[in-house]
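Chains as they are written, first to last, in our numbering: chain A, 949 to 1247; chain B, 949 to 1247.
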């Protein structure tokens, strides 16, 4: 069995690493802060002192980090993955970052004889814990196939979408649809509520037809409970739409509504709501309408 | 069994009237043009020469018309429903119109001792034919219950959402979510396609997670076939978002993204695409990006 390295043990990375241990992968882990390393060590992982050390003792290195500069630093920086990785190894970056950065990193690794897959995920902390993540993979077919068992230990809807970088493009598309459907459901709920319809009945009436979507079925009930615990944080979705817009600029694709919703997530951060769940986009609409959508009081 | 009248035998009304005949309702029908009346007559309906005549021979009158002025004219105009309807009858308006117009008409009917339900539908021609419409009903509970069997002959997800007018409010909410998810899927498909991802793989990758929605699962495959046969026409969705915005104005609910997508549907009409399916909103994005999303050629 391949030796796997895992760098980045945050909200997503830690449960993913645990799922690999459950499948009995020989795992070496590293993280900027110490506590999650200790926790994984207790479960049987080997602790490393740097990204370089992880790379030195692994055949496949997985990174799960917040943003493009983090991945660039961890892979290409001093004491980074590229300084320790062996020819014929594989780097799987499961972070959500820019496809342009992805291609740049992949180019460096190619010169070292190392293959790269970009494999961003969707499904949040819950999906990471339950190993039900959607995984969008870019890279060579034979490398994808070599890593498929690892992906199957982490997720369910695993789609090889194209060459390296294309996983990140698909993830950008995913984040556009999620953001815009949250905004759509937000506008619908505020309108219906302030016009006098019980919001639970709005959800019920709309779920049966062409308006059905994850935002309505999974997030709207939390909104009625005023539960904005993430889930997925505003500031991360703001970052992801920034990636989508940069990708649009790179490939010549104007994205009019995405750019506005990106601004709205920015406004939420300015308002001090960056660490709330992304469904809190509805609070901006509530501010405009001077109302707050809540469950109807029992009569 | 109650005698039912049906006014408005268009794309939606005609199959709905047929479904009532199948359930053996004694049906009197009227329509501005003659051919659908003749067709329904052959199936056992009684033909009337005016909306007034329909009202004179029915206990429950159903209207299914294009827009607010049509319903106002047919119900309150000369030779209209209100000139022939008897005390204790019921008007069910299943058109999608303004909740403000609905309340005005209901007020007039109350003075005649007639109850009104607003019961707009979602599900399109297919839902009308297969009797699987979603129906959002506003009006008194006892009147709703009296008419429930009729609704069950026409649809599946039948929700009583509140007092008269609230059915139209719920429908406005529905049309907001449908329009904005179509735009969301449009921006995602154009970005992903032009950046180099096979669009069928975008649909597959996004359908498994938080981006899942009707627009992606039902409409996006038609887009890849460049099939913009309605379905639901751009000009009707444009009208419906106009109703949503007017409702927002009435109740003090700013709808920033709905207003922009309303403008986009307006732009489609200017471009001569008003009779295409509403999923053709993607063509505006394609115009901007100078591309056209198509299935990848088989390799």
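Glycine included, C-beta positions come from ideal geometry on N, C-alpha and C. If you're wondering where the values come from, they're calculated on a predicted model, not measured in any experiment.
- Against residue 1129 (chain A), the close residues of chain B are 1125, 1128, 1129, 1132, 1159 and 1161, in the order they occur along the chain (beta-carbon pairs closer than 8 Å).
- Per DSSP, reduced to three states, the secondary structure at residue 1063 (chain A) is strand.
- At a cut-off of 9 Å between beta-carbon atoms, residue 1220 (chain B) makes no contact with chain A.
- Taken in chain order, the unbroken stretches of beta strand (DSSP E) that lie wholly in the segment 1094-1119 of chain A and span 3 residues or more are 1103-1110.
- Annotated three-state conformation of residue 1092 (chain A) is helix, per DSSP.
- Here residue 975 (chain B) carries a strand assignment [DSSP, helix/strand/coil].
- The beta carbon of residue 1054 (chain B) sits closer than 6 Å to the beta carbons of 1064 and 1112 from its chain, once the five residues preceding and following it are set aside; these are given in chain order.
- For the segment 1199-1213 of chain B, the set of positions with a beta-carbon nearer than 9 Å to some beta-carbon of chain A reads 1199, 1200, 1201, 1202, 1203, 1204, 1205, 1206, 1208, 1209 and 1212 in chain order.
- In this structure, residue 1206 (chain B) keeps its C-beta atom at 9 Å or more from the C-beta atom of residue 1221 (chain B).
- Neighbourhood of residue 1149 (chain B) in chain A, by CB distance below 9 Å: 1084, 1107, 1108, 1109, 1110, 1114 and 1118, in chain order.
- Interface flag for residue 979 (chain B) against chain A is unset, since no Cβ pair is found closer than 9 Å.
- When rounded, the separation of the alpha-carbon atoms in residue 1201 (chain B) and residue 1168 (chain A) is 18 Å.
- Cβ-Cβ separation between residue 955 (chain B) and residue 978 (chain B): approximately 5 Å, consistent with a contact (criterion under 8 Å).
- For the beta strand (DSSP E) assignment, the uninterrupted runs of no fewer than 3 residues enclosed by the segment 969-1048 of chain A are, from N- to C-terminal side, 974-978, 1008-1011 and 1038-1041.
- For residue 1138 (chain A), the C-beta contacts it makes with chain B under 7 Å involve 1201, in order along the chain.
- Around the beta carbon of residue 1159 (chain B), a 10 Å sphere encloses 16 or more other beta carbons of the protein chains shown; the residue is thus reported as buried.
- Residue 1135 (chain A) has a beta carbon lying within less than 9 Å of a beta carbon in chain B.
- The beta carbon of residue 1095 (chain A) sits closer than 7 Å to the beta carbons of 1008, 1038, 1040 and 1065 from its chain, once the five residues preceding and following it are set aside; these are given in chain order.
- Separation of residue 1070 (chain B) and residue 1115 (chain A) (C-alpha to C-alpha, rounded to the nearest whole angstrom) is 35 Å.
- Under DSSP, residue 1228 (chain A) shares a beta bridge with no residue.
- The residues 1042, 1043, 1044, 1084, 1115, 1116 and 1119, in chain order, have a CB closer than 7 Å to that of residue 1068 (chain A) in the same chain once the five nearest residues on each side in sequence are set aside.
- Taking 9 Å as the threshold, the shortest C-beta distance from residue 1231 (chain A) to chain B does not fall below it.
- Taking a cut-off of 8 Å for Cβ pairs, the segment 991-1007 of chain A and the segment 1023-1031 of chain A touch, as three or more such pairs fall below it.
- Any Cβ of chain B closer than 9 Å to the Cβ of residue 1142 (chain A) would place that residue at the interface, and such an atom is present.
- Between residue 1101 (chain A) and residue 970 (chain A), the gap from beta carbon to beta carbon is short of 9 Å.
- For residue 1085 (chain A), the uninterrupted beta strand (DSSP E) run begins and ends at 1081-1086, by DSSP.
- Annotation: residue 1156 (chain B) to residue 1163 (chain B) spans about 14 Å, alpha carbon to alpha carbon.
- Residue 1137 (chain A) sits close to residue 1150 (chain A), with the two beta carbons spaced by under 9 Å.
- Listed in chain order, the non-local C-beta contacts of residue 1103 (chain B) below 8 Å within the same chain comprise 1069, 1071, 1075, 1079, 1080, 1081, 1082 and 1083, local neighbours out to five positions each way being set aside.
- In chain order, 1109 and 1110 make up the part of chain B whose C-beta sits under 8 Å from the C-beta of residue 1146 (chain A).
- Beta-bridge annotation (DSSP): residue 954 (chain A) is paired with A:977 and A:1010.
- Residue environment analysis places residue 1058 (chain A) among the exposed positions, since fewer than 16 neighbouring C-beta atoms fall within 10 angstroms of its C-beta.
- Close partners of residue 1196 (chain A) in chain B (Cβ separation under 7 Å): 1139.
- Counting only the Cα atoms, residue 1170 (chain B) lies some 10 Å from residue 1178 (chain B).
- Assignment of alpha helix (DSSP H) within the segment 1122-1171 of chain A, counting only whole runs of 4 or more residues, yields 1147-1155 in chain order.
- Take the alpha-carbon of residue 1176 (chain B) and the one of residue 1189 (chain B): they are about 20 Å apart.
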